[in-house]
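Novice: Here UniProt numbering is used: the first residue of the sequence shown is 1, the next is one more, and so on.
Let me begin by handing over the structure; questions about it come next.
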Amino acid sequence: MSTVISVENLSKKYIIGHQKEERYTSLRDVLTDGARRLTHKLIHPFAAPEINASREEFWALKNVSFDIQQGDRVGIIGRNGAGKSTMLKVLSRITEPTSGKVSIKGRVASLLEVGTGFHPELTGRENIYLNGAILGMSKVEIKSKFDEIVAFAEVEKFLDTPVKRYSSGMYVRLAFAVAAHLEPEILIVDEVLAVGDAQFQKKCLGKMEEVSTQGGRTVLFVSHQMGSIMQFCNKALLLDKGKVAQTGPVAHVVNNYMNLSSKNIGGFAAEATSLQKDISIVKAQTLDSEGNPAVNFTHNQEIVIEITCKINRWVSGAEVRIAVRDSKRNVFTTDTELIAQEGQTPGELRAKAVIPVGLLRPEEYFFKLAVYLPNQIIFDLVEDALSVTVRDGGSKYAASEGLDYGCVFVDCKWSVDNFSPSFLNMSQE
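Now the structure itself:
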């Protein structure tokens with residue numbers, strides 16, 4: 001595969017202004033201060049510039065270098081303020097870098113923030129043609145994709161309404177549909193998809209995967225949902241304080257990122273000690289009851305979670321834990337002890353957990369995975385490592401209108417006593 005994005009020593013600097021001690025400054029003070037600095041510069045042209053305490057340099061990106069190949073699906077991850085959005089703006093040619101070089105081969109379509117790329121006074125229809133023209137497409141090419149875009153965005157009724165009257169969700173749906181269907185060689189998507197509902201986010205991930213696998217196009221995707229990153233991307237780039245901390249296979253980069261994040265699980269805080277590398281999670285997937293990889297399930301199907309751990313040293317009492325949540329709350333937690341056989345050597349271990357038929361209600365679920373020593377230490381932790389969607393399969397466990405309580409269906413042990421004949425006779429009198 002050829003290189004479609006090459007970044008060399010890229011840096012971006014911003015100037016941050018700080019409030020002076022006096023809260024308000026009059027126009028006279030501003031003019032006087034400006035005249036003083038100008039006079040000083042004219043009299044002393046070679047003097048070092050004065051340090052302005054009210055202004056500070058902030059490097060959003062610093063000496064960033066990486067290459068992306070054609071067809072790669074790259075997840076860009078990192079904490080808030082790490083430089084992810086700035087990186088995408090530079091690659092989208094929205095922001096000029098302070099220094100460094102960026103080489104891009106092919107047309108780029110970007111979906112960065114709600115409101116970018118569309119003219120608010122134009123209608124949805126007009127904005128579709130405008131964006132296509134910006135990408136260099138002819139009117140005939142845009143027209144051939146028009147119906148697909150409108151159907152995907154689900155905005156048929158509002159197509160001739162100015163987009164300034166759209167809700168945030170409608171705006172994002174149309175913007176993504178335009179970016180994904182106008183066949184750019186490179187698709188860049190920021191966290192803006194978080195505005196949409198869970199169903200639309202899933203729909204977008206499916207479309208991005210289709211664009212990448214069938215069209216051989218490159219996708220850059222920023223998200224704080226590690227489950228979505230691991231499900232969709234094949235590579236990841238970790239940014240930390242404006243610098244590239246790591247690049248490589250998505251599972252490896254995400255695992256390291258979560259280890260650095262010092263999260264909690266089950267009330268036990270992760271600690272950075274020598275034990276932390278003894279056991280690590282190297283792979284995880286969800287399977288159906290026949291062992292086939294799957295992410296979509298119905299009520300009447302078992303969900304199998306398979307976790308592969310790398311054991312560098314056996315630790316007595318270590319456990320694998322799975323914490324399940326939906327979009328609103330934590331649902332349940334389950335774990336199992338890793339039992340070492342006598343004289344067992346280091347290697348890989350595969351653990352499987354089976355969620356029984358009917359336990360989970362129709363919803364999208366996310367799985368946090370961990371290997372830990374109870375009350376002592378976490379060896380490895382991956383937030384939102386996996387996600388599945390459970391749909392109503394028409395079984396007896398399906399929710400009934402007006403009787404839908406809780407996030408799980410518990411199959412309790414019931415007993416029913418038969419009424420005596422004498423009681424039945426009395427009730428009929």
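Don't be surprised by glycine CBs; every beta carbon is placed ideally from N, CA and C.
To the nearest angstrom, report how far apart Ile279 and Asn80 are at their CA atoms.
Specialist: Roughly 28 angstroms separates the two Cα atoms.
Novice: Out of Phe232, Leu130, Val315, state which residue places its alpha-carbon closest to the alpha-carbon of Leu386.
Specialist: Ranking Phe232, Leu130, Val315 by Cα distance to Leu386 puts Phe232 first.
Novice: Could you pull the DSSP bridge partners for Asp335 from this structure?
Specialist: Asp335 is bridged to Arg321.
Novice: Tell me, please, whether the segment 319 to 326 touches the segment 285 to 300 by the rule of three or more beta-carbon pairs shorter than 8 angstroms.
Specialist: No, the segment 319 to 326 is not in contact with the segment 285 to 300.
Novice: Can you tell me whether Pro346 is buried or exposed? The criterion is at least 16 other CB atoms within 10 Å of its CB, across all chains shown.
Specialist: The residue in question, Pro346, is exposed, as its Cβ has fewer than 16 Cβ neighbours within 10 Å.
Novice: Going by C-alpha to C-alpha distance, which of Arg391, Glu306, Glu337 sits closest to Pro374?
Specialist: The residue with the shortest Cα to Cα distance from Pro374 is Glu337.
Novice: By Cβ distance, which residues of its chain are closer than 6 angstroms to Lys164, with the 5 residues on each side in sequence left out?
Specialist: Pro120.
Novice: Does DSSP put Ala133 in a helix, a strand or coil?
Specialist: In this structure, Ala133 counts as helix in the three-state DSSP scheme.
Novice: Extract the residue ranges of the beta strand (DSSP E) inside the segment 155 to 228, only unbroken runs of 3 or more that lie entirely within it.
Specialist: Complete beta strand (DSSP E) runs here, min 3: 186 to 189, 218 to 222.
Novice: Does the Cβ-Cβ distance between Phe158 and Tyr166 come in under 9 angstroms?
Specialist: The answer is yes: Cβ separation under 9 angstroms.
Novice: May I have the straight-line CA-CA distance separating Val295 from Val388, to the nearest angstrom?
Specialist: Between Val295 and Val388, the C-alpha separation is close to 5 angstroms.
Novice: From Lys241 to Lys13, what does the alpha carbon distance come to, in whole angstroms?
Specialist: Cα to Cα, Lys241 sits roughly 13 angstroms from Lys13.
Novice: For Thr247, which of Asp72, Ile142, Gly34 has the nearest alpha-carbon?
Specialist: It is Asp72 whose Cα lies nearest to the Cα of Thr247.
Novice: When we look at the beta-carbon of Ile15 and count the other beta-carbons within 10 Å, is it buried (16 or more) or exposed?
Specialist: Under this definition Ile15 is an exposed residue.
Novice: Apart from the five residues on each side of it in sequence, which residues of its chain come closer than 6 angstroms, Cβ to Cβ, to Ser6?
Specialist: Excluding positions up to five away in sequence, the list reads Asp67, Ser103.
Novice: How is the beta strand (DSSP E) around Glu141 delimited, first residue to last?
Specialist: Run containing Glu141: none in the beta strand (DSSP E); it sits in the alpha helix (DSSP H), 139 to 153.
Novice: Ala236: which of Ile77, Val416, Glu154 sits nearest, CA to CA?
Specialist: The shortest C-alpha separation from Ala236 is found at Ile77.
Novice: Relative to the C-alpha of Leu239, which residue among Leu88, Lys368, Gly358, Asp33 is closest?
Specialist: The shortest Cα separation from Leu239 among Leu88, Lys368, Gly358, Asp33 belongs to Leu88.
Novice: Looking only at DSSP bridge pairs, what is Leu10 linked to?
Specialist: According to DSSP, Leu10 bridges with Val64.
Novice: Based on the DSSP output, what are the partners of Pro293 in its beta bridges?
Specialist: Bridge partners of Pro293: Leu287.
Novice: Quick check on Thr334: buried or exposed, where buried means 16 or more other Cβ atoms within 10 Å of its Cβ?
Specialist: Result: exposed.
Novice: For the candidate residues Ala318, Val172, Asp190, Met226, whose alpha-carbon lies nearest to that of Phe200?
Specialist: Minimum Cα distance to Phe200 is reached at Val172.
Novice: Rounded to a whole number of angstroms, what is the C-alpha to C-alpha distance between Ala399 and Gln301?
Specialist: Residue confidence for Ala399 is low, a pLDDT of 48 falling below 50, so the modelled location carries little weight and cannot support an answer.
Novice: In whole angstroms, what is the alpha-carbon distance linking Thr3 and Asn234?
Specialist: Each residue's alpha carbon lies about 16 angstroms from the other.
Novice: Among Pro293, Ser11, Ala179, Val74, which has the Cα closest to the Cα of Leu130?
Specialist: Checking every option, the nearest Cα to that of Leu130 belongs to Ala179.
Novice: If the criterion is Cβ atoms closer than 9 angstroms, does the pair Arg350 and Ile307 meet it?
Specialist: Yes, the Cβ-Cβ distance between Arg350 and Ile307 is below 9 angstroms.
Novice: State the DSSP-derived secondary structure class of Gln301, mapped to helix, strand or coil.
Specialist: DSSP places Gln301 in coil when its eight states are reduced to three.
Novice: Would you say Lys368 touches the ligand ATP, meaning its beta carbon is less than 8 angstroms from a heavy atom?
Specialist: For the structure depicted, the ligand ATP is absent and the ligand set is empty, with no information on it obtainable.
Novice: Specify, as a first and last residue, the run of the beta strand (DSSP E) that Asp384 falls within.
Specialist: Looking at the DSSP string, the run of the beta strand (DSSP E) that includes Asp384 is 377 to 391.
Novice: Hey, quick one: how far does the alpha helix (DSSP H) through Val90 stretch, first residue to last?
Specialist: Looking at the DSSP string, the run of the alpha helix (DSSP H) that includes Val90 is 84 to 91.
Novice: Just tell me which of Glu364, Glu96, Arg107, Arg28 has its CA closest to the CA of Thr218.
Specialist: For the residues Glu364, Glu96, Arg107, Arg28, the minimum Cα distance to Thr218 belongs to Arg107.
Novice: Let me make sure I understand the geometry here. Which of Phe297, Val282, Asp384, Ser223 has the alpha-carbon closest to that of Lys310?
Specialist: Closest option to Lys310, Cα to Cα, is Val282.
Novice: Identify every residue that forms a DSSP beta bridge with Gly347.
Specialist: Answer is Ile311.
Novice: Compare the Cα-Cα distances from Val357 to each of Pro184, Val408, Val253 and report the closest residue.
Specialist: Nearest C-alpha to Val357: Val408.
Novice: Let me make sure I understand the geometry here. Which of Ile134, Asp417, Val254 has the alpha-carbon closest to that of Met230?
Specialist: Met230 has its Cα closest to that of Val254, out of Ile134, Asp417, Val254.
Novice: Would you mind stating whether Thr95 and Ser11 have Cβ atoms separated by less than 9 angstroms?
Specialist: Against a cut-off of 9 angstroms, the Cβ pair of Ser11 and Thr95 comes out as no contact.
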